[in-house]
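Chemist:
So this is what it looks like as structure tokens:
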């Protein structure tokens with residue numbers, strides 16, 4: 028998601044290097060795709076490797092940034108040394124295994140499909156929910172599946188409510204998608220967003236059958252909700268998706 032991250036490396040000279048090397052760090056997937064790359068002085072630009080003395084130890088931070096079209100996949104953080112002529116010194120070293128929380132362009136499996144359009148660009152495709160029986164104070168796991176059909180101009184907040192008998196909100200979680208890590212104004216058209224929420228039921232929640240409602244609002248416009256059009260083309264009351272599945276709350 029075009030996210031910055033840092034690697035910290037420690038170096039020790041076993042002898043005096045004969046060339047000025049730069050450290051090349053890359054994030055490489057199993058197919059050889061490179062999703063981040065940087066060239067850095069191992070210690071500092073003012074102290075090149077040709078001046079290192081045997082036994083010296085250095086620590087350094089290296090900042091990398093994932094490409095904005097990086098896929099969701101596994102990868103490795105790979106290090107090699109490059110001299111002034113662009114030649115590598117020795118074999119690359121795999122430093123770490125990584126999991127890239129990137130973009131999904133293949134439709135995921137959805138336990139409960141749902142069809143709604145929020146505003147002009149965002150589709151709600153369905154949800155997963157578990158467990159289907161709770162006690163007061165316990166937590167419901169909710170996964171929402173979104174897809175942007177066009178670039179989204181604003182960052183919207185998702186609201187998720189657990190409604191008890193009579194429609195009272197007995198559990199709630201409002202957040203920017205993916206726990207704040209992936210706001211809607213950065214979504215790519217056509218990608219699928221798998222978005223997780225945890226709703227804790229009130230400790231004094233009465234027993235009965237509960238339902239989940241979700242939607243989006245603009246926090247910069249007095250929390251005005253996005254219009255929500257159902258799969259039948261009709262705007263939904265209160266601009267919310269009210270899911271059919273019921274959660275039983277027991278004392």
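In my numbering, the protein residues as written are 28 to 278.
In this text, a Cβ means the ideal position worked out from N, Cα and C, and glycines have one as well.
1) Under the three-state reduction of DSSP, which class applies to residue 245: helix, strand or coil?
2) State buried or exposed for residue 61, treating a residue as buried only when at least 16 other CB atoms are found within 10 Å of its CB.
3) Would you be able to state if there are at least three C-beta pairs under 8 Å between the region 100–107 and the region 51–66?
4) Report buried or exposed for residue 86, applying the criterion of at least 16 other Cβ atoms within 10 angstroms of its Cβ.
5) Any idea which residues DSSP pairs residue 227 with across the strands?
6) Residue 31 by DSSP, collapsed to three states: which one?
7) Where do the N-terminal and C-terminal ends of the beta strand (DSSP E) with residue 132 fall, by residue?
8) Does the CB of residue 202 have a neighbour CB from chain D at under 8 Å?
9) Would you kindly report the start and end of the unbroken beta strand (DSSP E) that includes residue 149?
10) Which whole-angstrom value describes the C-beta separation of residue 108 and residue 50, a residue pair presumed to lie in contact below a C-beta threshold of 8 Å?
11) Check this for me: beta carbons of residue 147 and residue 185, under 8 Å apart or not?
12) Please state whether DSSP places residue 101 in a helix, a strand or coil.
13) Output the distance between the C-alpha atoms of residue 54 and residue 69, rounded to the nearest integer angstrom.
14) Determine the extent of the beta strand (DSSP E) in which residue 143 is found, giving its start and end residues.
15) Taking the continuous beta strand (DSSP E) assigned at residue 205, which residues delimit it?
16) Shortest alpha-carbon distance to residue 158 belongs to which of 31, 272 and 218?
Modeler: Let's see:
1) By 1-based counting over the chain shown, the position of residue 245 is 218. Note: residue 245 maps to strand in three-state DSSP.
2) Counted from its first residue, the chain shown places residue 61 at position 34. Exposed.
3) yes
4) Locating residue 86 in the chain shown gives position 59, counting from the first residue. Exposed, since its Cβ has fewer than 16 Cβ neighbours within 10 Å.
5) Taking the chain shown and counting its residues from 1, the one referred to as residue 227 is at position 200. Partner(s): 166.
6) Numbered from 1 along the chain shown, position 4 holds the residue referred to as residue 31. Strand, per DSSP.
7) Taking the chain shown and counting its residues from 1, the one referred to as residue 132 is at position 105. Per DSSP, residue 132 belongs to no beta strand (DSSP E) and is neither H nor E.
8) Reference to chain D is not applicable here, since this structure consists of a single protein chain.
9) The residue you call residue 149 lines up with position 122 of the chain shown. Per DSSP, residue 149 belongs to the beta strand (DSSP E) from 149–157.
10) Start at 1 with the first residue of the chain shown, and residue 108 comes out as number 81. Start at 1 with the first residue of the chain shown, and residue 50 comes out as number 23. Right, the Cβ-Cβ distance comes to about 6 Å (below 8 Å), so this counts as a contact.
11) Reading the chain shown from its first residue, position 120 is the one you call residue 147. Reading the chain shown from its first residue, position 158 is the one you call residue 185. No, the pair does not count as a contact, with Cβ atoms beyond the cut-off.
12) Residue numbering aside, residue 101 sits at position 74 when the chain shown is read from its first letter. In this structure, residue 101 counts as strand in the three-state DSSP scheme.
13) For this step, residue 54 is matched to residue 27 along the chain shown. For this step, residue 69 is matched to residue 42 along the chain shown. For residue 54 and residue 69, the distance between alpha carbons rounds to 18 Å.
14) In the chain shown, residue 143 corresponds to position 116, counting from 1. Note, residue 143: beta strand (DSSP E), 139–145.
15) Within the chain shown, numbered from 1, the residue matching residue 205 stands at position 178. Here residue 205 belongs to no beta strand (DSSP E), and DSSP marks it neither H nor E.
16) The sequence position of residue 158 within the chain shown is 131, counting from 1. The residue with the shortest Cα to Cα distance from residue 158 is 272.
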